[in-house]
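Position one of the sequence shown corresponds to residue 1 (the UniProt record's numbering), numbered consecutively onward.
Heads up: the structure comes next, in structure tokens.
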Amino acid sequence: MTQSEGHTATRRRSSEGAGEGPGMLNSNSQQSDGAGMEAPIQCDSEGQNGGEQEKIELEAWNSTPRDRKEHAHQQEAPDGGWGWVVLLASVLVLALTLGFPSCLGIFYTDLQTDFQASNSETSWVPSVMTAALNAGGPLCSILVERYGCRATVMLGGVLSGLAMAASSFTNSIIELYITGIITGLGFCFSFQSSVTILGQYFARRRAFANGVAAMGTSLGLSVLPLLANFLHSQLGWRGSFLVLGGVLLNCCVCGAVMRPVAPKYRRSQSPQANSDQPPQPKQNGLKDRVRGSLANLMASLRRNMAFDLFYSNPRYRIYTIGLAWTMLGYLVPLIFLVPYATSHGMEQSRAALLLSIVGIINIFVRPAVGLLFNTPWFQGRHIYLFSAALLVNGLSNSICGLAASFPVLLGHAVTYGLSMSIVGSLVFTVLMGVVEMSRFPAALGLLTVMESVTLLVGPPLAGILVDRTGDYTYVFYACSAIVASSALFLMVSFYWLDRRETKAKQLSQPRALPPQPNVTLGPYCKYSSVQEP
């Protein structure tokens with residue numbers, strides 16, 4: 001019997017025996033190897049590999065359908081093929097979702113006039129939309145786990161499109177808040193599911209794929225303000241919202257092409273499939289069913305909120321706190337740039353062009369940045385590049401305080417766009433480097449919830465500042481201080497963690513002992529020189 005035949009027979013016998021485990025596999029392989037094999041060292045190595053392979057096969061066979069589904073999602077990413085189609089669809093989804101809230105500044109003055117609202121009240125409209133975009137992360141994780149990324153993206157397209165169309169029929173600012181929340185929730189479902197499935201399709205080229213996908217945000221920044229300004233001049237804000245609602249329905253088309261990487265396993269209906277879980281009591285009344293549904297919902301939230309990572313992983317904890325801090329003033333300049341320019345006599349078409357310039361710069365810079373940062377030299381340095389770009393982004397907001405002329409605001413738009421390109425292309429790459437890919441959806445869910453709090457209060461606080469001072473300049477100064485301080489916090493914190501881990505590795509390594517003499521000499525013993533004859 002050859003070596004391969006011996007291992008095949010061993011695996012066949014172990015799979016036929018119902019009570020045999022990994023220990024029996026090792027013993028069987030040792031017995032077969034001892035039956036006259038000429039190279040015992042090689043056979044022992046192969047037997048160990050065969051035992052490990054058989055252990056993996058038995059674990060996959062004895063696992064539950066949910067375990068096999070999770071195992072299928074952890075298969076090797078194709079890094080190409082249909083993944084390029086998914087990447088293109090993700091670009092369009094991010095263009096429609098993340099790039100959309102910035103174009104609301106085009107309608108800021110009209111909303112304030114029609115509803116007779118203050119700056120703080122009007123700023124709640126983009127605020128609740130962006131907050132819902134981030135706060136829906138845990139619910140999106142549950143939907144992705146239950147129905148998959150494709151269905152969740154399409155559901156988000158339906159919600160955002162219908163809610164945006166309904167916004168054109170609102171009669172009060174409160175109704176606009178409600179439709180804004182539903183629109184932002186649909187944005188969250190489409191956006192987060194697209195990023196999740198993109199991580200399943202790309203592993204080796206993940207930094208490049210994230211950079212290209214992040215280009216969708218810049219595509220939305222460059223196209224949507226011009227489209228919104230054109231629709232506003234032709235149809236007004238109500239007609240524009242109705243048309244933009246139809247545009248958002250294209251997320252359903254993008255979600256239709258996002259098929260899963262691995263085929264779904266059919267769930268077994270036998271009671272032994274979930275034998276590791278305790279039997280559920282039979283629920284007869286409505287109260288029992290509601291209680292059971294709430295219990296399942298709370299369990300899903302605990303599983304998809306990554307609280308354990310927040311407490312056990314210091315890098316993830318610092319990254320989430322730093323990003324939540326950043327979002328307090330990161331998107332506020334995009335909302336108030338057009339009102340700031342128009343309040344100083346600039347035409348609205350030229351003010352909208354500033355937002356488009358920010359997006360155009362992102363279109364050309366983000367793919368190049370993603371390709372450059374995918375090289376081996378930048379591995380392990382992504383967080384420092386991210387923090388440096390965030391620092392430049394924050395300081396660029398102070399340029400608006402110099403003057404409100406078009407050349408000055410153009411310089412701000414160029415600097416802001418360049419730094420935003422690097423930040424946008426690295427935000428998901430850094431998160432994927434901080435946590436395991438299997439925990440990425442839950443980690444992203446908790447991160448977006450924390451960001452939603454600051455995104456919710458940031459624009460209204462800026463609106464209150466404008467109402468109290470009557471000047472938009474202080475808003476840009478405040479945003480500059482907030483974003484720059486968060487960048488310094490991330491940079492210093494991660495540098496301290498790297499230094500601490502380096503020192504811990506040095507202390508854990510065994511030190512080389514100095515050479516010891518073979519003979520221990522007494523206190524009165526001395527060496528005597530011996531001369532050779």
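Built from N, CA and C at the ideal position, the CB exists for glycine as well.
The structure presented is a predicted model; accordingly, all values stated were derived computationally and were not measured.
If you draw a straight line from the C-alpha of V434 to the C-alpha of D308, how long is it?
-> Between V434 and D308, the C-alpha separation is close to 14 Å.
Compare the C-alpha of L488 against each of L426, L465, I383 and name the closest.
-> In terms of Cα proximity to L488, the closest of L426, L465, I383 is I383.
Who are the near neighbours of W237 in its chain, counting only those whose CB is closer than 7 Å to its CB and skipping five residues on each side?
-> Closer than 7 Å at the Cβ level, and outside the excluded window around W237, lie F107, D110, L111.
Close beta carbons around A413, own chain, < 6 Å, minus the five adjacent residues each side = The residues are L354, I357, V358.
Using the Cα positions of M327 and V483, report the straight-line distance between them to the nearest angstrom.
-> Each residue's alpha carbon lies about 8 Å from the other.
Beta-carbon contacts of R205 that lie in its chain and below 6 Å, excluding the five residues immediately before and after = Excluding residues up to 5 positions away in sequence, D79 lie with their Cβ nearer than 6 Å to the Cβ of R205 in the same chain.
Can we count A295 as close to the ligand NAD, meaning its CB is less than 7 Å from some heavy atom?
-> The model on display carries no ligand, and the ligand NAD is accordingly not part of it.
CB-CB under 6 Å to S90, same chain, minus the five flanking residues each way: which ones, in chain order?
-> Within the same chain, Cβ atoms closer than 6 Å to the Cβ of S90 are found at S194, L198, A213, the five residues on either side in sequence being excluded.
How is T170 classed by DSSP in three states: helix, strand or coil?
-> In this structure, T170 counts as coil in the three-state DSSP scheme.
Limits of the alpha helix (DSSP H) - the one that L391 falls within = That run of the alpha helix (DSSP H) goes 382 to 396.
Which residue from E501, P460, D498, M491 puts its Cα closest to that of S118?
-> Of the candidates E501, P460, D498, M491, the one whose C-alpha sits nearest the C-alpha of S118 is P460.
Report back the beta-carbon spacing between F187 and S160 to the nearest angstrom; my notes put them in contact at under 8 Å.
-> Rounded, the Cβ-Cβ distance is 5 Å, consistent with contact.
Considering only residues of the same chain and omitting the five flanking positions on each side of R499, which have a CB-CB separation below 6 Å?
-> Excluding residues within five positions, none has a Cβ falling inside 6 Å.
May I have the straight-line CA-CA distance separating S486 from V369, to the nearest angstrom?
-> So the two alpha carbons sit approximately 22 Å from each other.
Contact belief for G220 with L98 at Cβ below 8 Å, rounded distance in angstroms = So it is a contact: roughly 6 Å between Cβ atoms.
Could you give the C-beta distance for P376 and Y472, rounded to a whole number, given that I count them as a contact under 8 Å?
-> Actually they are not in contact, since the Cβ atoms of P376 and Y472 sit about 45 Å apart, beyond 8 Å.
Is the number of C-beta pairs between the segment 249 to 256 and the segment 130 to 143 that are closer than 8 Å three or more?
-> For the pair of segments examined, the segment 249 to 256 was found not to touch the segment 130 to 143: the number of CB pairs separated by less than 8 Å stays below three.
Which value, in whole angstroms, describes the spacing of the CA atoms of A341 and A165?
-> If I take the Cα positions, the gap works out to 28 Å.
Out of T113, L490, W82, point me to the one whose CA is closest to P314's CA.
-> Of T113, L490, W82, the smallest CA-CA separation from P314 is found for L490.
Given F386 as reference, the closest of M420, G445, S168 once Cα atoms are compared | The candidate whose alpha carbon is nearest that of F386 is M420.
Identify, in the order they occur along the chain, each residue of the same chain with its Cβ nearer than 7 Å to the Cβ of V332, setting aside the five sequence neighbours on each side.
-> Once the five neighbours on either side are set aside, the close Cβ partners of V332 are G458, P459, A462, V475, C479.
Just reading off the alpha helix (DSSP H) that T473 is part of, what are its end residues?
-> Unbroken alpha helix (DSSP H) run through T473: 473 to 508.
Proximity to V492 [Cα-Cα], best of G322, M215, F208, F189 | Nearest Cα to V492 within the set G322, M215, F208, F189: G322.
Might you give, ordered along the chain, the residues of its own chain that have their beta carbon closer than 7 Å to the beta carbon of T113, omitting 5 neighbours on each side?
-> Nothing meets the Cβ criterion.
Taking the alpha-carbon positions, what's the V427 to S438 distance?
-> Whole-angstrom Cα-Cα distance: 18 Å.
Under the three-state DSSP convention, the category M258 falls into = Three-state DSSP puts M258 in coil, outside helix and strand.
Rounded straight-line distance, which links the Cα of I363 to that of V261 | Computed Cα separation, rounded: 28 Å.
Measure the CB-CB distance between R366 and S218 and report whether it falls below 8 Å.
-> For R366 and S218, yes; Cβs fall inside 8 Å.
For V466, name the three-state secondary structure that DSSP assigns.
-> Three-state result, V466: helix.
Assigned secondary structure, S405 (DSSP; H/G/I helix, E/B strand, else coil) | The answer is coil: DSSP assigns S405 none of H, G, I, E or B.
Where the alpha helix (DSSP H) containing E121 begins and where it ends | Segment 119 to 135, the alpha helix (DSSP H) holding E121.
Quick one, which of Q234, L96, T320 has its alpha-carbon nearest F494's?
-> When each option's Cα is compared against that of F494, the closest is T320.
List the endpoints of the continuous alpha helix (DSSP H) containing I360.
-> 348 to 372 is the extent of the alpha helix (DSSP H) around I360.
Tell me whether Q379 sits in a helix, a strand or coil according to DSSP, three-state version.
-> Under the three-state reduction of DSSP output, Q379 falls in the coil class, being neither helix nor strand.
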